[in-house]
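Please read the structure below before turning to the comments.
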Amino acid sequence: MSNTTPTKTTQDKTPQAMPTPTTLRVQGMDCGGCERKVEAALTRLNHVEEVSASSVAGSVRLTALPGKTLPHAEIESTITALGYQVIDDSADTAEATTHTPWWKTPKGRLVLVSGVLLALAWALKFAWPALGTWPFVAATVVGLVPIVQRAGQALKMGNPFTIEMLMSIAALGALAINAAAEAAVVVFLFAVGEMLEGVAAAQARRSISALSKLTPSTARLMEQGNIREVAAASLQPGQRVQVRPGDRLPCDGQIIDGRSSIDESPVNGESVPRERGEGEGVFAGTVNLDGVLEVEVTKSAENNTIARVIKLVEEAQAAKAPVARFIDRFAFYYMPAVVAVALLVAIVPPLVSPMLWSESIYRALALLLIACPCALVISTPAAIAAGLSVGARHGLLMKGGAVLEQLGKLKRVALDKTGTLTAGTPSVTDVESFENDDSVDKNRRDEVVRLAAALEQGSSHPLAVAISDYFHRQQDTPLSTVQGAHALAGHGVAGQVDGRTLMLVSPRYLQRFNWPTIDGDKRIAALEAQGKSVAVLIEVDRDNERPLGLIALRDEPREDAREGLQALERLGVQAVMLSGDNARTVAAIGEQLGIEAEGELMPEDKAQRVRQWQAQGLGPIGKVGDGINDAPALAAAEVGIAMGSGTDVALETADAALLKNRVAGIAEMIALSRATMRNVKTNVALALGFKALFLVSTALGITGMWVAVMADTGATVLVTLNALHLLRYRFNDV
6 MSNTTPTKTT
16 QDKTPQAMPT
26 PTTLRVQGMD
36 CGGCERKVEA
46 ALTRLNHVEE
56 VSASSVAGSV
66 RLTALPGKTL
76 PHAEIESTIT
86 ALGYQVIDDS
96 ADTAEATTHT
106 PWWKTPKGRL
116 VLVSGVLLAL
126 AWALKFAWPA
136 LGTWPFVAAT
146 VVGLVPIVQR
156 AGQALKMGNP
166 FTIEMLMSIA
176 ALGALAINAA
186 AEAAVVVFLF
196 AVGEMLEGVA
206 AAQARRSISA
216 LSKLTPSTAR
226 LMEQGNIREV
236 AAASLQPGQR
246 VQVRPGDRLP
256 CDGQIIDGRS
266 SIDESPVNGE
276 SVPRERGEGE
286 GVFAGTVNLD
296 GVLEVEVTKS
306 AENNTIARVI
316 KLVEEAQAAK
326 APVARFIDRF
336 AFYYMPAVVA
346 VALLVAIVPP
356 LVSPMLWSES
366 IYRALALLLI
376 ACPCALVIST
386 PAAIAAGLSV
396 GARHGLLMKG
406 GAVLEQLGKL
416 KRVALDKTGT
426 LTAGTPSVTD
436 VESFENDDSV
446 DKNRRDEVVR
456 LAAALEQGSS
466 HPLAVAISDY
476 FHRQQDTPLS
486 TVQGAHALAG
496 HGVAGQVDGR
506 TLMLVSPRYL
516 QRFNWPTIDG
526 DKRIAALEAQ
536 GKSVAVLIEV
546 DRDNERPLGL
556 IALRDEPRED
566 AREGLQALER
576 LGVQAVMLSG
586 DNARTVAAIG
596 EQLGIEAEGE
606 LMPEDKAQRV
616 RQWQAQGLGP
626 IGKVGDGIND
636 APALAAAEVG
646 IAMGSGTDVA
656 LETADAALLK
666 NRVAGIAEMI
676 ALSRATMRNV
686 KTNVALALGF
696 KALFLVSTAL
706 GITGMWVAVM
716 ADTGATVLVT
726 LNALHLLRYR
736 FNDV
């Protein structure tokens with residue numbers, strides 16, 4: 006999956022030079038903080054011009070200075086010293102798809118151990134008060150050891166201001182002034198956050214590798230009249246392959262012989278299979294439904310449609326690497342300043358005044374306690390957690406606080422059609438008989454449906470299933486047995502029902518017959534102009550063909566689609582439909598829903614539209630979809646939202662998911678985000694306000710250490726209570 010020159014494996018320890026630019030696969034990076042540590046350490050190496058790390062893709066890209074090269078051993082040893090591992094690029098797929106339960110990971114085990122020790126410490130506090138704070142000290146030390154180790158590693162690499170360093174100073178400072186319980190809670194919550202980041206990053210990497218499973222591993226290569234199975238990855242342009250009914254296409258190519266219906270939904274989201282014949286292009290990963298095809302390969306495996314989708318998702322997710330976490334940015338300026346002030350408070354007064362050293366050190370320790378950002382570290386995430394909890398109870402799954410925050414900023418949302426604004430499967434919309442007799446027209450329409458359903462019984466084709474379902478809803482009579490049923494490759498089916506020879510075919514199949522009425526042509530054209538698929542029922546009597554009627558089908562909008570779009574409009578968010586379906590269908594659905602719509606878009610086209618809007622300043626942009634074809638755009642948008650019924654890749658690539666498949670859930674997410682961020686801003690104001698007030702009073706000696714403890718704890722309690730208020734949030738006004 007690497008898009009650069011292959012690198013040496015981890016077993017090769019010789020200091021051979023690597024070409025530039027070079028991409029390495031790195032295991033263990035889970036967050037933006039990890040990225041910044043790796044970038045800061047590698048940038049200090051000789052001959053390095055630029056470094057870009059991606060925790061989502063699990064990669065580090067290095068560019069050397071002009072005319073310089075980089076030894077692999079030096080880079081690998083630097084990354085290893087930070088606690089990460091360079092892995093063989095060829096092992097990437099296996100590493101990405103291997104699922105390790107969170108409790109078996111080092112970070113997961115640390116959470117479990119810290120949690121048990123913290124719970125035990127609280128139990129001992131009430132059961133055996135004579136122990137004092139020692140149980141909390143033990144819980145803090147156990148959880149703090151790996152944090153201090155990582156902080157020390159980053160310090161050695163020239164990056165002292167990391168979140169690990171912040172947490173180390175905060176926890177050790179709390180222990181120094183006997184606030185061990187608070188220190189233990191802070192360390193435990195930090196470990197939980199680190200573990201969740203690791204789980205999310207692993208899922209994202211697995212979702213990318215799952216895309217490659219769309220393309221079959223083997224292909225039926227045709228050579229000199231013989232057919233043999235070969236690896237699909239070995240196919241080269243100009244070769245020819247045979248694709249049987251039910252097989253996935255192993256390559257991008259052009260049909261040389263044969264005609265068939267192709268299910269293109271894995272690539273472009275088309276709800277109804279498309280007929281493809283000689284001279285027409287087909288895509289890797291799509292499904293051949295009924296006819297045998299001979300296909301000439303036009304693109305190699307690394308350049309086919311699925312490979313391009315994988316590359317787009319990787320690039321978009323890497324480009325959307327998380328911005329530095331608030332606490333890390335805050336620490337970069339805040340912690341050095343506070344430590345400097347505390348040192349001054351401890352040293353200067355005894356030198357310039359009669360103040361005792363014990364008094365100045367006491368004030369300095371109190372300052373460090375107040376400066377410890379516990380209220381921010383604990384209670385601001387509490388507001389986010391409350392918002393996420395409310396959303397989850399209502400079927401709105403958001404993958405973390407950053408997503409929740411960004412949702413409220415959305416200005417435009419691009420929605421897929423199939424499976425998002427529509428049900429995702431075709432349904433019968435019109436049934437007409439060509440034997441016009443008003444007195445019996447209803448019976449004749451029922452007969453058209455009965456005969457068509459009999460012909461299609463047993464077929465798994467989406468149109469056949471829709472006709473069969475429609476028959477069973479409308480009529481209680483059993484279906485007649487079909488005899489001699491066979492497919493008309495690329496056109497429909499034929500067989501005998503009740504002694505009558507029948508065909509259910511596409512309108513294009515009628516061109517070989519003498520179509521009897523101009524009105525029939527006009528009616529079919531009108532239905533197709535509405536984006537509907539039309540099937541015509543024909544009775545064959547000796548050498549004559551007599552059309553009996555037609556059935557029109559279309560993927561119809563979800564029941565709440567219009568309501569959901571109106572809710573977005575009330576929030577000031579513009580909605581646009583981007584679909585891979587044919588332009589007529591998309592235009593018809595767009596007009597029905599009152600939404601701007603664009604059709605016949607490939608996955609890269611959808612992603613490109615998102616990037617264009619971002620470049621024009623129309624963002625932040627949200628993208629809603631349910632299929633693999635939506636993955637690049639979901640990743641490119643500031644917030645990607647997947648329908649809960651969508652593919653695993655869409656759900657993993659997206660930042661959020663609508664588990665109840667309700668379009669109205671998009672507006673509910675945005676409204677919840679805005680309410681949560683108002684709560685967060687209140688929490689930040691309370692926490693920083695308390696600290697500012699008591700930092701000044703403590704520095705002046707007005708308040709002492711016990712007031713500092715009360716101030717810090719009090720701020721934590723206040724903002725936590727404010728966050729819990731979010732649990733009562735209601736969606737009634739959305």
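If you count by our numbering, then the sequence shown holds residues 6 to 739, one letter each, in order. Ideal Cβ placement from N, Cα and C applies to all residues, glycine included. This one's a predicted model, so the numbers in the text were calculated from it and none came from an experiment.
Query: Between which residues of its own chain and ASP610 is the CB-CB distance below 6 Å, once the five residues before and five after are set aside?; Result: none
Query: Does the pairing of the segment 180-199 with the segment 79-86 give three or more beta-carbon distances under 8 Å?; Result: no
Query: Find the nearest neighbour of LYS628 within the set ALA728, ALA642 and LYS416, judged by alpha-carbon distance.; Result: ALA642
Query: Who are the near neighbours of SER744 in its chain, counting only those whose CB is closer than 6 Å to its CB and skipping five residues on each side?; Result: Residue 744 is absent from the model: the chain starts at 6 and stops at 739.
Query: Per DSSP, what kind of secondary structure is SER702 in: helix, strand or coil?; Result: helix
Query: Counting C-beta neighbours from all protein chains within 10 Å, is the total for ASN164 16 or more, i.e. buried, or is it exposed?; Result: buried
Query: Residues in its own chain within less than 8 Å of LEU240 by CB, not counting five upstream and five downstream?; Result: ALA224, LEU226, VAL246, PRO255, CYS256, VAL302, SER305 and ALA306
Query: Flag this pair as yes or no: are the beta carbons of LEU372 and ALA347 separated by less than 8 Å?; Result: yes
Query: Taking contact to mean 3 or more Cβ pairs, one atom from each stretch, closer than 8 Å, check whether the segment 417-435 and the segment 690-705 are in contact.; Result: no
Query: Assuming HIS491 is part of the beta strand (DSSP E), what are its boundary residues?; Result: 487-493
Query: Output needed for GLU568: all residues of its chain with C-beta closer than 7 Å, excluding positions within five of it in sequence on either side, in chain order.; Result: ALA669
Query: Would you decide whether PHE141 is buried or exposed? Buried here means 16 or more other CB atoms lie within 10 Å of its CB.; Result: buried
Query: Mind checking which residues open and close the beta strand (DSSP E) that includes ASP546?; Result: 538-546
Query: Count Cβ pairs between the segment 403-421 and the segment 538-550 that sit closer than 8 Å; are there 3 or more?; Result: no
Query: Can you tell me which of the three DSSP states GLY569 falls into?; Result: helix
Query: With DSSP run on the structure shown, which of helix, strand or coil describes ARG114?; Result: helix
Query: Just reading off the alpha helix (DSSP H) that VAL470 is part of, what are its end residues?; Result: 467-479
Query: Using 8 Å as the Cβ pair cut-off and three pairs as the minimum, do the segment 596-616 and the segment 445-455 touch?; Result: no
Query: Does the Cβ-Cβ distance between ALA369 and ALA351 come in under 8 Å?; Result: yes
Query: Would you identify the three-state DSSP class for LYS422, choosing helix, strand or coil?; Result: helix
Query: Would you say GLY296 and PRO250 are within 8 Å of each other, going by their C-beta atoms?; Result: yes
Query: Taking DSSP as the reference, what is the three-state secondary structure of ARG2?; Result: With the chain covering 6 to 739 only, the question about residue 2 has no answer from this structure.
Query: Would you tell me roughly how many angstroms separate the C-alpha atoms of LEU700 and PRO354, rounded to the nearest one?; Result: 16 Å
Query: Which residues does DSSP list as the beta-bridge partners of GLY627?; Result: VAL418 and VAL644
Query: What is the DSSP secondary structure of THR28, counted as helix, strand or coil?; Result: strand
Query: Assuming ALA490 contacts LEU468 (C-beta within less than 8 Å), just tell me the rounded distance between them.; Result: So it is not a contact: roughly 15 Å between Cβ atoms.
Query: Are there 16 or more other CB atoms within 10 angstroms of the CB of LEU117, so buried, or fewer, so exposed?; Result: exposed
Query: Tell me, which residues are paired with ILE556 by DSSP?; Result: VAL436 and ALA540
Query: Report yes if the C-beta distance between ILE600 and VAL418 is below 8 Å; otherwise report no.; Result: no
Query: Take ALA99 and list the residues in its own chain whose beta-carbon comes closer than 6 Å to its own, dropping the five residues that flank it on each side.; Result: At ALA99 the pLDDT is 40, less than 50, meaning the model places this residue with poor confidence; the figure from the coordinates comes in the next sentence. Counting only Cβ-Cβ distances below 6 Å, and skipping sequence neighbours, we find nothing.
Query: Tell me, which residues are paired with GLY258 by DSSP?; Result: VAL287 and VAL302
Query: So, at 6 Å on beta carbons, what are the nonlocal neighbours of ALA557 in its own chain, with the 5 sequence-adjacent residues on each side left out?; Result: THR434, ASP435, LEU532, LYS537 and VAL539
Query: Could you tell me which residues DSSP puts in a beta bridge with ASN293?; Result: ILE267
Query: Can you tell me which of the three DSSP states THR138 falls into?; Result: coil
Query: Which residue from GLU561, ALA566 and GLU437 puts its Cα closest to that of PRO552?; Result: GLU437
Query: Here's the rule I'm using: 16 or more other beta-carbon atoms within 10 Å means buried, otherwise exposed. How should TRP618 be labelled?; Result: buried
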